[in-house]
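In my numbering, the protein residues as written are 12 to 395. Just so you know, even glycine gets a beta-carbon here, dropped at the ideal spot from N, CA and C. Computed from a predicted structure; not experimentally measured. First the structure, in the form of structure tokens, and then the observations on it.
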């Protein structure tokens, strides 16, 4: 049997001569054949055809090559594309046609391109899901739930996962909230503001007991907030936050009464509550029950609001100036907007004194928390 090298065809290129062939394959004869001159002209034409010519001939010059091109075409910047791939590396390998069809399908629902960019940028994993599965049926039910297409689109932009939830899971959750007294009118804004209400809803006996202990009636405006926040919070998390307040001398009943007055206290971290309560009790000499009477004290930024304004109050008192920031005026001063606070308690004085007070106040706001720059932020699951 002849060797494979004997089947080679000799082409007279400058870089491959007969002499070079014999050096490489000394034992194999070189077979030479002649070709039709038309072949040379056709081959030359193919070699001279550029990549751009082939793209134009195929009619795909405007079609995206990969997912990055698709995202750019829909308005994503280079930084946004890079962040999407960093958050969801599998999108690099996603079929460009599949991605284009999904974005086109969302656009046909009425979602603007700018909102699509936000959705992909914030929730890139959502694009990998089967959003086209039973889409028409899901849209029909959600539109009846939100009562208008405009409100539905607003909810989808805020929580794109609405298009992936199983209807057999959504309907029981809605019925559960309605069974405890949350009307559909109140439920719609809650679904928009709390996207995790559907996947994390759990109204077991323990949570229903917590809701009852807040003392909030079903007719209260706070009731829908109490129910939705407690329903998506872990039992362990609620118990930890109750214990955190008990350290400062509050009873369980007082803590749940506080939750009823201001349900968003449940969303505050234990660290923030500890720092604010420690300063209020230790430095400002307020009682722990002042937080129950004035829940806003727990929301204020300690370094940017409470401390600078309290230190300024001490400075004004030391200088013997009026109006003083003490007693009822302290609560009034803490609740003021920055511009109004400066006008009422700083700019009301003569220019030289006002400048001195303003410098003191500015320096007090620049004092950072100890080791704040080296603080490590740990995300332990869902914040509630």
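Contiguous alpha helix (DSSP H) elements confined to the region 148 to 234 occur at 160 to 169, 178 to 190, 195 to 204, 208 to 211 and 216 to 224, taking only those with 4 or more residues. In the DSSP assignment, residue 373 falls within the unbroken alpha helix (DSSP H) covering 362 to 377. For the pair residue 271 and residue 226, the CB atoms are nearer than the 9 Å cut-off.
Under the three-state reduction of DSSP, residue 279 is assigned to coil, being neither helix nor strand. Annotated three-state conformation of residue 336 is coil, per DSSP. Secondary structure of residue 125 (DSSP, three-state): helix. In the pairwise beta carbon analysis, the region 226 to 242 is classified as touching the region 199 to 209: at least three pairs are separated by under 8 Å. Counting every other CB atom within 10 Å of its CB across the protein chains shown gives residue 377 a total below 16, marking it as exposed. In terms of CA proximity to residue 247, 221 leads the group 369, 221 and 264. By the Cβ test, the region 139 to 149 is not in contact with the region 160 to 169, since fewer than three Cβ pairs between them sit closer than 8 Å. DSSP, reduced to helix, strand and coil, places residue 103 within a helical segment of the structure shown. Bounds of the alpha helix (DSSP H) holding residue 79 are 78 to 84. Each residue's CA atom was taken as its position, placing residue 313 and residue 264 some 26 Å apart.
Membership of residue 271 in the alpha helix (DSSP H) is indicated by the continuous run 263 to 272. CA-to-CA, the gap between residue 176 and residue 315 works out to about 41 Å. Residue environment analysis places residue 97 among the exposed positions, since fewer than 16 neighbouring C-beta atoms fall within 10 angstroms of its C-beta.
Around the beta carbon of residue 258, a 10 Å sphere encloses fewer than 16 other beta carbons of the protein chains shown; the residue is thus reported as exposed.
Contact check for residue 191 and residue 209: beta-carbon distance about 15 Å, past the 8 Å limit, so the pair fails to qualify. Residue 78 and residue 157 have their C-alpha atoms roughly 33 Å apart. In this structure, 326 is the residue among 355, 326, 359 and 332 with its C-alpha nearest to the C-alpha of residue 371. When C-beta atoms of the region 349 to 365 are compared with those of the region 278 to 297, fewer than three pairs fall below 8 Å, so the two segments do not count as touching. The beta carbons of residue 300 and residue 261 sit closer together than 9 Å. For the 9 Å CB-CB criterion, residue 171 and residue 233 do not form a contact.
Rounded to whole angstroms, the gap between the alpha carbons of residue 212 and residue 324 is 46 Å.
Cα atoms of residue 83 and residue 132: separation of roughly 12 Å, rounded to the nearest angstrom. With a cutoff of 9 Å on beta-carbon distance, residue 111 and residue 81 are scored as near each other. Taking 9 Å as the cut-off, the beta carbon of residue 187 is found no closer than this to the beta carbon of residue 153. With 16 or more other CB atoms across the displayed protein chains lying within 10 angstroms of its CB, residue 218 is buried. In its chain, beyond the 5 residues on either side, 208, 235 and 239 have a beta carbon closer than 7 Å to the beta carbon of residue 201. Secondary structure of residue 140 (DSSP, three-state): coil. For the set 342, 256, 102 and 249, the Cα lying nearest the Cα of residue 311 is the one of 342. Residue 146 and residue 89 have their alpha carbons spaced roughly 31 Å apart.
The beta carbon of residue 137 is closer than 6 Å to those of 171 in its chain, skipping five residues each way along the sequence.
Here the alpha carbon of residue 363 sits roughly 15 Å from the alpha carbon of residue 331.
Restricting attention to 361, 321 and 288, the CA atom closest to the CA of residue 305 is found in 288.
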